[in-house]
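Here the structure comes first, spelled out in structure tokens, and everything after it is commentary.
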Amino acid sequence: MLGTYYTFPELLLWIPFVTGLITFFIKKSTSVKAWALFSSLATLVVSVISLFYSDTAHHTEYFLYNNVSYFWLQYIGSSFSVGLDGMGHLLTFLTAFSFPLIFAVTYKTEYKNSNAFYGLMLLMQAGFMGVFVAMDALVFYFFWELALIPAYFLCSKWGGEKRIQATFKFFIYTFTGSLLMLTGIIYVYLQTPALTATADHSFSLRAFYSIALEPSQQNWLFWLFFLAFAIKMPIFPFHTWQPDTYEQAPYSTVMVLSGVMVKMGVFAMIRWLLPVLPSAVAKFDHLVVALCVIGIIYASCIALLQNDLKRFVAWSSIAHIGLMGAAIFSQTVSGLQGVMVEMLNHGINIIALWIVVDIIDKKTGTRKISELGGLALKSPALAIFFVIIALANIALPLTNAFVSEFMMFNGVFQFGKWLGAFACIGIILSAVYMLNVVQKVFFGNTSAFTQNAIVLSAGQKVILSVIVVSILILGIYPQPVFQLTHDTVADILQRLAMAGK
Amino acid sequence: MQRIFDLVYWIPMLPFIGFLINGLGRKAISKTLIGLIGSGVIFISFCLSVLVFITTSKEGFSPQNINYFPFINLGKIIIPFEFHVDQLTSLFLLIVTGVSFLIHVYSASYMKDETQSGYGRYFSYLNLFVFSMLLLVLGGNYVIMFIGWEGVGLCSYLLIGFWFKNNDYNNAAKKAFIMNRIGDFGFLLGIFWMLSAFGTASYQNLFNSQDGIITSISAINSPVIVGITLLLFVGAIGKSAQIPLYTWLPDAMAGPTPVSALIHAATMVTAGIYMIARSNIMYSLAPTSMVVVASIGLATAIFAAVIALKQNDIKKVLAYSTVSQLGYMFLGLGVGAYTGAVFHVMTHAFFKALLFLGAGSVIHAMGGEQDITKMGGLGKKMRITYITFFIACLAIAGIPPFAGFFSKDEILAAAFANNPILYYIGLAGALLTAFYMFRLLALTFTGKFRGTEDQLHHVHESPAAITIPLIILAVLSAIGGFVGIPEILMKNGHALGDFLAPVFAHSGPVTAHNLSGQTEIILMTTSVILILIVSIWAWRKYKIEEPAAIVSETRETTGFAKAIKNKFYVDELYNALFVKPLQVISNLLRKIDKSAIDGIVNGAGKSVNYGSRQIRLLQSGQVGTYILLMVIGMLILLIIQLFSK
Amino acid sequence: MPATHLLFWFLSILAVVAAIGVVSSKNPVYSVLWLIIVFFSISGHYILMNAQFLAIVNIIVYAGAIMVLFLFVIMLMNLNAAAEPPKHVYLKIIGVIAGSCLMIVFVAAFSQASNSHTLLRNGTGVGLIKNLGKTLFSQYVVPFEISSVLFLSAMIGAVVIGKKENPETV
Amino acid sequence: MNAIIVSALWGVVMMFGGVFFKKRTTPKYWAIAGIIILLVANILEFFGTHLFNVDTRDMLHFDNFSLHFNTVAFSCTLLFFLLNGRDVEKVGQHVSEYFSLIFFVLCGVSISSSFNTLLMLFLGIEIMSIPLYILTGSDKRNLKSNEASLKYFLMGAFSTGIMLMGIALIYGGNSLGSFYINTINLGSGELPVMIAAGLVLLIVAMSFKVSAAPFHFWTPDVYDGAPTVFTSFMATIVKIAGFIAFIRLFQSSFGVMHQQWQILIVIITAATLLIGNLTAVFQQSVKRMLAYSSIAQAGFMMLALFALNDTAKEGLILYAAAYSLASIGLFAVLIKMNDYTIEGFNGLGRQQPVMAFTATVFLLSLTGIPLTAGFTAKFYMLLAAVKNGHQFWLVILAVICAAISAYYYFKVIQAMYFKEPATDINNQVNVSPAFKFLLIITAALIIILGVVPGLLIDWLYY
Amino acid sequence: MEISWYIYLSLALFCIGIIGALTRRNSIIVFMCIELMLNSVNLLLVAFSKMHLQGANMFGGAQATDAQIFVFFIMIVAAAEVSVGLAIIVMLYRNIRSVDINFLNRLKN
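Chains as they are written, first to last, in this note's numbering: chain R, 137 to 637; chain V, 2 to 646; chain G, 15 to 184; chain L, -15 to 446; chain Y, 207 to 315.
Below, the structure written as structure tokens:
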């Protein structure tokens, strides 16, 4: 069993990293693609296997396979320790699942000097993995930044015509946030007790959880962390980098950005903010939830007016993220569990959405909603896929998003009736903008751009079907995901509750 | 016989399978086969429903709660995927499966002009609808009900926009879905509140006679209950097209006629009534909400009926009449006549489906013409349609012994018991109903033909696949009422009431009639007499022999009449109140985003650039200046260090 | 008032006046001369504090070598008063103000310095060549040696900078 | 002591070499040999072998810190020679003189890293500075170079005057009447006025040497005017030597009364960070931009003086290494360019992948992106500063400035990778494989230090 | 004589030197002003060495000489600086025929 030689987190981390580095030295573009796909599939296999060891019931074995720690900077009490808990399993799986999907669906697309492209993609995957498995604040920060760099290069090299400015804004914005977080991390670190003989403080997650800071300290530390994560997610009003970046980024990258990278923020909120600064969370939760709820409405309203499909998806995603943020800070079982499931669902759904948009863009040569129309006449298959995906995005029952959004709204409602009610307006608005687009793009009469039919390749059909099936399965039987993340949620809520007393 | 409950899940499952087959194989399978599958699966589940019904009607039957798997399990909140079967369920099962079976058969012929794949699409949608509707009815808790609830909404969206080339249809479909969403918004909040208040959403735990949470709540009108019930009612308003969310239903007539019959008359729109009847215990605990329900129902009943007076589109008339009939049902619920409401749902399903199908047959014959001012005298050409339609009119107008009479009478009686004023208004509504129905009948089937020549040649009786369902429904709406004969006319004749009694047992005190025999008789007779008079008046008024006279209907009216003709400008009002403002706000927000929020972010960058441009001027290149600045810096440091204490 | 005080005041005033002369005189040559006067007066102070060795060195090195060097350079460039157009007057003023502020700050600070009133001790010929030499070559031999590096680099510098390059080699 | 003597001697050797070497290329190899010997000698001393036993009367004090720093400085110089040896030849005729001057500077560096009296500090600083005046002016025909050297000289001399006044005042205030820096340390009492004044003047003078605002004005002009090779040397090794001297002086002499003068450092640090970063944003010439960035980096290194604890010292060593490696590499790349403006870098990624990639690594390191030494260095600085426990806002300011720095460093990256190259053929850059190899080595070093900084720091506790 | 007299005197000279450096444009004169500053420092150091005589007794007289030695070194350095500085000035003069520091403005911003 792999787990006995290399623990799963290591494998998940190193496979993409090493293969990514190798990719740079492959010359032929076809073999590059094959190699990248192969690597991502290998990662997927590992993560799937790891899911079988995610059961915390027989704990020793579980721990053995999923946690490891090496000496790193022992003099300042930071060790290279990585591990997988429920949430880690979930998100590593999402990462591992989305990459092969993306590679496969964009297999036809030709990127110039593709070895660099795929190499960076794989490095980015490694970065994500690192963030999700990090059990040490410094390691976490390390990968948090590392994930950003490939994204920067991918977007500004292979993106649209205004790519450089847009991506640069994105980079500077997030970089600032994370630097602030770094200072926060350092401050917290200096409050931690010594866990090892060599250093008198420690960066390990354990140490971070073990301390109880003064409320006065927490109150300003909170913002240092929150800013970084809020920008990454992005929560209103820190979202302005997102539409531009999504508009400019190449499709396969934007799939990753919106599908996985955004989850880094959510993940970090849950792992590094809530349990570490509980009293500050208790102090500011209303404010934050209010912000998020405003964000939902705000983004939905603006999404109504978008004429560019990419920007449209970007805004709708902001709305969803807002809901996640609100649910996190509702600090309820329902809310947090909902977020867990939603992280997976949102990942799948938005990637699916991008895939379809990509196909439309490639085939018709336009992203302008006003220039499209009547696609359903010529290419019914695409229409059906899109409609299902769109319905998943507006959280129609029996699609995956319904479960998660139901729980998140429920959580927010428990947190505050009025906030909850206000947030729920989102479901109406989401229906409005989604159906608008469905109608304008697929129904009605064909336009000059949509004269000739779009024939889906077999590969695309297969991938979209896989996605649709997973959408439905997760929509009808989400129980496994709950079981996966149950312990994490319980643990975090318990910490919050203890701080409450 | 109990083992039937192990098969219950097949009732929704079969239509779902039908949906899959027809949906995926819509290109492969031949039309006839598609039709067969589509109707066949429904028929099987109809038979199953009959079995279920028989079982439930047995003595000493106790409600069944069938738990399949945990849908959402949060430890302390568990929402299982469960079915709940009792008398109410089984009755609705019968109605849904029965009516939809007939309509499937009808559609098989009605839609035969569709393209191969379109035909398949149609039937798959229809099956999917039945599936969702059955899920709604069978669901063992509010969440499962909600799943069905939104499912039917989706199907109605898909079916209204079935001919998606036409953007007006698409708009109608979108309107329907969004208005439903607004309702669902309330419903959802209701569920959330329920969950946070009671920690459960399944009927079993809420309404169980022994240890039900609600039943154990003694406080009448506790804010929680009122809040929840009102929120749920918002959902019902959306789904069952009550004021203020009714405007989607008339537009929904854009869909194929059988769809209007099935979804927008017989089944889906009655989901609201089902839901409230289902949660009758809660409502009985919240009289305030009851009042709200009753008043909204009554208002809708009158309002819609008034609008219906001046409509010339045959389907629009029927649509408004549906709205108004639904209003009656809510009135019934509001005054606690749950049985009456359900009874009316049943009868209404029969005669309204019949009316729509008849209308469909007429439109079919007229080659798509829907304007009644261009019809007339069709009775001679289309005998069966005419007669069945006539029966339906009698039924809906409430003329004994047809079905509508009994159900409507029960509601009105209960209303009188509750508060005479409700009764009088209700009666007025009934008269209006009688009037516009007979107006419709007369204009369509009697008098002289007003259409074009070739239409006249084209007119013919529809084929058997269309007429048979008509006949069956006609029979049902003729005799369907006898399941609920009032006590005073026949000792324990109210079979339906006895059947449903256990469901509404807990809200007994509210539902109890306290009317003396003769009052009831008097009410009945008066109403019947009045209705008859009105009907005959309408009949004579619109039995137009010479086409010229029709101008009275078509010409530009003024004042109140004009307002009625234009449906009181409600759509325009909503446009001005909600749609436009949303646009404006969104625009505003977009501007804010560009200028303010993004402005701040970019402003930071700009200010850095600006600062850079300014600060670099210090670097003047002059040694003298440099030394001067150094000295000044030194001065400042010295002063701080030496004199800051 | 003892003679030493008189001498002190005389030398001090001389030094300050001369210094002002250095700063203010238009013609560079004059300022050189003024500077030489300053050096002489400072040497006077050295003698006053009987640091004879330094006094001599000061005159030899500064007044002798360095100032002559300056003079050579100035002559070689034959700069005269006209060569220097006046600096912006307000810069001059600011400069003066800044300098005097500095002076004021120092004075204000040191007026309450603890040891500002300790008297200078005379006698004990620390300043004599004998003692200085001894210390320099016993205790301060290392810095002395090291300072040679300074001179070496200065020498090389003079070569590198001063020597005319013949263009074709570069 | 090894380092001082060897470097001085080798300086003399190179000086005479000027007479004997016939070929222009010979001095380079001698210099490389010399620096290797120097490095070895220093490492030997680090492990306790003293080639010369000289009684310095404790005027010089060689501890782990100073010796370790010397190692870093010499290694960087070695790298500098290897990368830029050829370019030194291009500057002017007196190749081997240049090298000997550099060796003298190194002598000054090793003095100022190990001084123990103010006298030695003074000498060390001067020995560092005077050769630099000359090197700056070494490109004699280039007016910019002349101007730079005169500016540098005048202001340098001025700062010397200020420093001396400071020393004098401290001597006066020091009741023991001694120049030994540890005798100045009077425990945590109230700072005597005279010493306080002297301390301010010393801070001013040292800030001048490390080009901290508002005493940084010479830096951009001098770095811009001087021949690029020497700029690279000045901006890296000399500057960090200044920092070592700075922290050494203030920790051992005024460390105990830190609180009484910390505010000055805070002001200077803040000013340096702001001015350095803000002004760099505007620059069009990469060379000048690097000059300003060196100011900005100096601001970050000032945090060590703000913190003044052990972490700060570790951090300073690390920062010294990270900053020097990156800057030397970057300058080496810059020298090869025909056009120093940012546009000059357009499309380099296409033409010279290796150069572009390594340059990217250097820039990322300067920005402080993880996995590069720059990050660990910045991290240690921040750690030290936060540990210090006062003025947290300064740390926030520092990181915000770091973010701003990304703004101008990434302009170059954008130019290299995302802009179209200039089409004219004479803009082609061509470099030797050996050069590329060295660049890769440098980049590798940076990344290694970024992953395991312990390799460098742990020697402090050897 | 009190030490403060000498302190003030040398400070005066120092500041005058600074003023000169600030106000003059002729680089040679600026340089001379800097020399003036150095000399003021020398003076101060010597004065201090005298002041420290009493402290000196407990250190065996050595300490007093320190300052004077220091002055000696300062002179050395000054000499070196002068040679280099003048060389630079001359070089510049060769090129631009002027020693006016206001003409040094090729490098700015």
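Note that CB positions come from ideal geometry on N, CA and C, so glycine has one too.
Just so we're clear, the structure is a prediction, and the values are computed from it rather than from any experiment.
Asked, Found
"Would you decide whether Y/Met264 is buried or exposed? Buried here means 16 or more other CB atoms lie within 10 Å of its CB.", "Only weak support is given to the placement of Y/Met264: the predicted model assigns it a pLDDT of 43, under 50, and the question is left unresolved by the model."
"Rounded to whole angstroms, what's the CA-CA distance from R/Ser415 to R/Ala439? Just pull it up for me.", "35 angstroms"
"Just checking: is the beta-carbon of V/Leu630 within a distance shorter than 9 angstroms of some beta-carbon in chain L?", "yes"
"Rounded C-beta distance between V/His105 and V/Gly39? I'm assuming under 8 angstroms.", "5 angstroms"
"Taking 9 angstroms as the CB-CB cut-off, is G/Ala33 touching chain V?", "no"
"Given a threshold of 16 other Cβ atoms within 10 Å of its Cβ, counted over all protein chains shown, does L/Leu66 qualify as buried or as exposed?", "buried"
"Tell me the residue span of the beta strand (DSSP E) that contains V/Glu83.", "Ile79 to Val86"
"Give the secondary structure of R/Gly219 by DSSP, where H, G and I count as helix, E and B as strand, and everything else as coil.", "strand"
"If we define contact as Cβ-Cβ less than 9 angstroms, is V/Val293 a contact residue for chain L?", "no"
"Would the beta-carbon of V/Ala255 fall within 9 angstroms of that of V/Gly162?", "yes"
"Are there 16 or more other CB atoms within 10 angstroms of the CB of V/Cys48, so buried, or fewer, so exposed?", "exposed"
"Ignore the nearest five residues each way along the sequence and tell me which others in V/Lys409's own chain have a CB closer than 6 angstroms to its CB.", "Gly399"
"Within the continuous beta strand (DSSP E) that includes R/Ser205, where are the two ends?", "Asn203 to Leu209"
"Going by beta carbon distance, what residues of the same chain come within less than 7 angstroms of V/Asn576, once the five residues before and after it are set aside?", "none"
"Go ahead and label R/Ala333 buried or exposed: buried means 16 or more other beta carbons lie within 10 angstroms of its beta carbon, across all protein chains shown.", "exposed"
"Please confirm if R/Glu281 has its CB atom under 9 angstroms from at least one CB of chain L.", "yes"
"Given a cut-off of 9 angstroms on the beta-carbon distance, is the pair R/Gly461 and R/Ile590 in contact?", "no"
"With 16 as the cutoff for other CB atoms within 10 Å, does R/Lys169 come out buried or exposed?", "buried"
"Quick check on the burial criterion: 16 or more other C-beta atoms within 10 angstroms. Buried or exposed for R/Asn588?", "exposed"
"Assign V/Met283 to one of two classes, buried (16 or more other C-beta atoms within 10 Å of its C-beta) or exposed (fewer than that).", "buried"
"Taking V/Tyr69 as part of the beta strand (DSSP E), name the residues at either end of that continuous run.", "Gln65 to Asn74"
"Can you tell me which of the three DSSP states L/Tyr164 falls into?", "strand"
"If I measure Cβ to Cβ from R/Ser452 and keep anything under 6 angstroms in the same chain, skipping five residues before and after, which residues do I get?", "Ala439"
"Taking Cβ-Cβ distances below 7 angstroms as the criterion, which residues of the segment 343 to 375 of chain R are in contact with chain V?", "Pro373"
"Pull the bridge partners of L/Leu44 from the DSSP assignment, please.", "L/Phe99"
"Just the Cα atoms here: how many angstroms apart are R/Ile603 and L/Leu422?", "49 angstroms"
"Is the Cβ of V/Gly612 closer than 9 angstroms to any Cβ of chain Y?", "no"
"Measuring CB to CB, does V/Phe199 end up less than 9 angstroms from V/Ile221?", "no"
"Let's see if you can read the secondary structure: which residues bound the alpha helix (DSSP H) around L/Met365?", "Ala357 to Asn372"
"Quick test of the definition: if touching needs 3 or more C-beta pairs under 8 angstroms, does the segment 232 to 247 of chain V touch the segment 86 to 94 of chain V?", "no"
"Quick one: what does DSSP say R/Ala270 is sitting in, helix, strand or coil?", "strand"
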